[in-house]
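Notes follow once the structure below has been shown.
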Amino acid sequence: MPTLVIHRFDPARLRGLRVARGWSQSELARRSGIVRPAISNYEAGKREPTDRVLETLATALDFEADDLRQQVKVSV
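Read in our numbering, the sequence shown has 25 at position 25, and its numbers run on one by one without any break.
This is the structure in structure tokens:
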């Protein structure tokens, strides 16, 4: 059966990179311009950021957007 690899947003990676910087959600919000409740929802997996928001968060963290994604293999 063929397998397709997709890249999905990974809430744990967002939180991990933020914590590695020593930043609170409020600090990431200040640096990115994304409101803190949205960041909280992204980290909790309650919402998924758009590609534009993901780019903004990655830029604020000084990473690439792909660093906030995980590879998922899907059987097709």
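By construction, the Cβ of each residue, glycine as well, lies at the ideal position given by its N, Cα and C atoms.
Quantities reported herein were computed from a predicted structural model and do not represent experimental measurements.
On the CB-based measure, 16 or more other CB atoms within 10 Å of its CB, does residue i come out buried or exposed?
i, result
"Glu43", "buried"
"Arg18", "buried"
"Leu61", "buried"
"Ala20", "exposed"
"Leu4", "exposed"
Per DSSP, which one or two residues make a beta bridge with residue i?
i, result
"Thr3", "Ser75"
"Phe63", "Note: Phe63 sits in no beta bridge, so no partner."
So for residue i, helix, strand or coil by DSSP?
i, result
"Arg47", "coil"
Looking at C-alpha atoms only, which residue of the options is the closest neighbour of residue i?
i, options, result
"Thr50", "Leu61, Ile34, Phe63 and Asp62", "Ile34"
"Lys46", "Arg30, Ala12, Ile6 and Gly22", "Ala12"
"Leu28", "Lys73, Leu54 and Leu4", "Leu54"
"Arg15", "His7, Arg52 and Ser26", "Ser26"
Hey, is the segment 63 to 70 in contact with the segment 25 to 41, meaning 3+ C-beta pairs nearer than 8 Å? no
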